[in-house]
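Chains as they are written, first to last, in the working numbering: chain A, 1 to 146; chain B, 147 to 321.
We treat Cβ as the ideally placed atom computed from N, Cα and C, and that holds for glycine.
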């Protein structure tokens with residue numbers, strides 16, 4: 001029972017964390033972000049199963065997390081109003097080559113971050129971008145000008 | 147100019163209409179998250195030892211042990227008895243709250259005897275001469291499933307059947 005309860009508590013906390021830390025941290029996998037993710041996973045594991053080395057314990061933990069994940073996505077699918085809270089909405093960062101700085105600031109993104117992402121999408125200049133949209137997943141979608 | 151991408155609502159996603167408060171909700175929640183380690187620095191979640199000293203006419207007892215713990219932690223309880231008068235047969239008696247859901251790894255030095263005293267843990271320490279000290283070290287580990295809020299931990303120092311000192315405190319074990 002304890003593992004299931006710990007699983008629920010940690011899932012809610014990590015879900016909350018991913019929603020409040022901002023998409024910037026989710027999207028950019030810099031070397032340090034990668035280290036942070038690994039460390040986070042290790043810390044959560046210790047709190048979740050503690051000294052339980054059993055296969056049963058692992059089943060309970062994995063089943064709890066997986067069920068909560070499905071429940072969350074089902075809730076977001078079934079209740080559109082909750083989708084805003086659970087997943088968030090996209091944010092337009094560039095429209096017709098014009099950077100919307102207010103929206104960049106809101107997500108703690110710089111022009112350099114945006115230009116870097118654009119280059120990774122084979123766009124040399126932000127002026128060539130028709131739309132840049134910061135997706136709820138943390139990825140930036142670029143739609144080039146035609 | 148190309149059309150607006152599907153499902154993008156310019157008022158909502160570009161002008162952020164109706165989303166002005168979102169950022170403050172996020173900042174508020176982030177502040178709560180950031181407050182956790184700050185609160186932890188003030189020993190709210192344990193595991194720093196707290197020291198309390200009791201002084202009686204026959205002896206003084208200094209107890210040093212954390213009053214706030216978390217599942218799985220290793221910790222030490224230190225009982226420092228200083229005899230102000232000759233204690234012929236000292237007994238340190240611990241209430242069951244000291245042992246409930248705990249692993250008792252080591253007791254040093256080993257008591258002369260251990261027994262149950264009406265459900266309490268009774269350690270016979272033997273003779274402590276006036277002006278002399280006796281320090282009992284106990285090493286514990288909290289069982290991972292042990293959770294406690296306000297569990298009473300009582301300590302009695304006896305000379306034979308005569309009670310010399312009584313100490314009580316509340317233990318918190320966070321899950």
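Check: Near-chain B residues of the segment 2-27 of chain A (beta-carbon distance less than 9 Å), N- to C-terminal order; Outcome: 2, 5, 6, 9, 13, 16, 17, 19, 20, 21 and 22
Check: Selection from A:127, A:70 and A:85 that minimises the alpha carbon distance to residue 94 of chain A; Outcome: A:127
Check: Residue 50 of chain A: contacting residues in chain B (beta-carbon distance under 7 Å); Outcome: 217, 218 and 290
Check: Beta-carbon spacing of residue 292 of chain B, residue 243 of chain B below 8 Å; Outcome: no
Check: Interface partners of residue 106 of chain A on chain B, CB under 7 Å; Outcome: 169
Check: Outcome for residue 5 of chain A when other beta-carbon atoms lying within 10 angstroms are tallied against a minimum of 16; Outcome: exposed
Check: Where the beta strand (DSSP E) containing residue 137 of chain A begins and where it ends; Outcome: Segment: none, residue 137 of chain A is in no beta strand (DSSP E) and carries neither H nor E.
Check: Beta-bridge partners of residue 216 of chain B, as assigned by DSSP; Outcome: B:320
Check: Residue interval of the alpha helix (DSSP H) (run including residue 12 of chain A); Outcome: 2-20
Check: C-alpha distance - residue 233 of chain B paired with residue 64 of chain A, whole-angstrom precision; Outcome: 57 Å
Check: Chain A contact residues for residue 172 of chain B, given Cβ-Cβ distances below 8 Å; Outcome: 19, 20 and 22
Check: Three CB pairs or more closer than 8 Å across the segment 75-84 of chain A and the segment 100-117 of chain A; Outcome: no
Check: Rounded straight-line distance, which links the Cα of residue 13 of chain A to that of residue 32 of chain A; Outcome: 21 Å
Check: With 16 other Cβ atoms within 10 Å as the buried cut-off, status of residue 156 of chain B; Outcome: exposed
Check: Three-state secondary structure (DSSP) of residue 64 of chain A; Outcome: helix
Check: Per-residue contacts from residue 183 of chain B into chain A (C-beta, under 9 Å); Outcome: Here the premise fails: no neighbours, minimum Cβ distance about 13 Å.
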